[in-house]
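Residue numbers (this note's numbering): 1179 to 1536.
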């Protein structure tokens, strides 16, 4: 008599396909909500669809756009970056030092800030997490406090003006009638999409997020890849800082810790998974646009800003619950329901019984 045994590889493939389908479903759900919210504000608020308001809404999301893309890379490998706000703050300080203190040309200062952002991300977070295997929560929390302190130290807790025509053009200029920040956002989006979908590095990121052990056995240098991912997050934080400084024409001594939560919310709204391996740059873009439309529309309505937090937080919580049910939480809940209702489901060929103990 032949006994059929479950095939682990086939089971993993089925679960991975199911997870991808679920994440796509969540992405489209948020996209439909975005469309509905957009239409609602367009109908109820006369100023919403004006060109000036659309430009203002898009350019105001440029800072979050960059930060959220960086957070996407981190969450795809199954990690999280609590130091994102501090990274944005310290990169703004670096830009100020390069331009105001050392007198470098603004173009050189911007390039050095971007390169410095990558280095800070790798050294402060990537090496400790990727090479030494420390907890990303502990490392990024410590880095957040460290960098926040350095921001206050270098700025003396005072706002430092940073005046540059080049930065003014970056913040308020236009290319073929399109605001420069929007052009930069599109360029960063396209480059990130290519990296994740058309390069070996992007493939490695998804592999590590899906199964780090399997990725290591397949020959992927997991430690180096994770270190570089945090470097990418630092680089994107530098771009976010540059957009922020260009808009306010100053280096702020305040660390915007809220941008970390907004970036995480955008990534989760876009369909990313808490455990890594699932998520897309397109989904993150939809999440950022959702937050931007919500903030702009509620501002036109005159609603207090905390309502955006309430609505966005509720949606993120729902997304988290769905992610849990679609992932590891679905199995135990299904078993409990079957035990409570005394249902006995006959397993399919090659599968274990759903009430078997692992």
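For every residue, glycine included, the Cβ atom is placed at its ideal position computed from N, Cα and C. Bear in mind the structure is a predicted one, so any value in this text is a computation, not a measurement.
First and last residue of the uninterrupted alpha helix (DSSP H) at residue i
i            : result
residue 1288 : 1284-1298
residue 1271 : 1262-1274
residue 1388 : 1378-1388
residue 1346 : 1343-1350
residue 1234 : 1229-1238
residue 1326 : 1314-1333
residue 1420 : 1400-1426
residue 1280 : From DSSP, residue 1280 is part of no alpha helix (DSSP H); its letter is neither H nor E.
residue 1477 : 1459-1479
residue 1437 : 1436-1447
Close-in-space but distant-in-sequence residues of the same chain around residue i (CB under 8 Å, 5 per side omitted)
i            : result
residue 1300 : 1405, 1406, 1408, 1409 and 1412
residue 1236 : 1357, 1359, 1360, 1363 and 1470
residue 1259 : 1248, 1249, 1252, 1265, 1303, 1314, 1318, 1408, 1411 and 1438
residue 1398 : 1382, 1385 and 1386
residue 1335 : 1431
residue 1337 : 1428, 1429, 1430 and 1431
Rounded separation between residue i and residue j - CA only
i            : j            : result
residue 1361 : residue 1240 : 10 Å
residue 1518 : residue 1445 : For residue 1518, the pLDDT reaches just 42, beneath the cut-off of 50, and the residue's location in the model is therefore unreliable, although a value from the coordinates is still provided. So the two alpha carbons sit approximately 36 Å from each other.
residue 1453 : residue 1244 : 22 Å
residue 1263 : residue 1217 : 32 Å
residue 1347 : residue 1282 : 18 Å
residue 1328 : residue 1418 : 18 Å
residue 1272 : residue 1498 : 36 Å
residue 1513 : residue 1500 : With a pLDDT of only 46 at residue 1513, under the threshold of 50, the placement of this residue in the model should not be trusted; the figure read from the coordinates follows. For residue 1513 and residue 1500, the distance between alpha carbons rounds to 17 Å.
residue 1475 : residue 1321 : 35 Å
residue 1254 : residue 1275 : 33 Å
residue 1461 : residue 1205 : 6 Å
residue 1304 : residue 1212 : 34 Å
residue 1238 : residue 1355 : 17 Å
residue 1219 : residue 1488 : 18 Å
residue 1432 : residue 1323 : 13 Å
residue 1366 : residue 1234 : 19 Å
residue 1257 : residue 1330 : 27 Å
residue 1490 : residue 1280 : 42 Å
residue 1226 : residue 1232 : 7 Å
residue 1292 : residue 1298 : 10 Å
residue 1269 : residue 1403 : 23 Å
residue 1553 : residue 1371 : Limits of the chain in this structure are 1179 at one end and 1536 at the other, which puts residue 1553 out of reach.
residue 1288 : residue 1440 : 25 Å
residue 1395 : residue 1492 : 39 Å
residue 1455 : residue 1390 : 10 Å
Cβ-Cβ distance between residue i and residue j below 8 Å
i            : j            : result
residue 1295 : residue 1393 : no
residue 1308 : residue 1401 : yes
residue 1223 : residue 1478 : yes
residue 1246 : residue 1466 : yes
residue 1423 : residue 1345 : yes
residue 1340 : residue 1267 : no
residue 1468 : residue 1221 : no
residue 1480 : residue 1464 : no
residue 1494 : residue 1427 : no
Residues near residue i in its chain [Cβ-Cβ closer than 7 Å; skip 5 each side]
i            : result
residue 1374 : 1380, 1383 and 1459
residue 1486 : 1472, 1473 and 1476
residue 1550 : Not covered by the structure: residue 1550. The range shown for the chain is 1179 to 1536.
residue 1312 : 1306
residue 1278 : 1338 and 1340
Close Cβ partners of residue i (< 6 Å) along its chain, the five nearest in sequence each way excluded
i            : result
residue 1421 : 1240 and 1241
residue 1332 : 1271
Whole-number beta carbon distance between residue j and residue i, since they are thought to touch under 8 Å
i            : j            : result
residue 1284 : residue 1230 : Going by Cβ atoms, the distance from residue 1284 to residue 1230 rounds to 27 Å, so no, they are not a contact pair.
Closer than 8 Å to chain C by CB, residue i
i            : result
residue 1260 : Protein chains in the displayed structure number just one, and chain C is not present.
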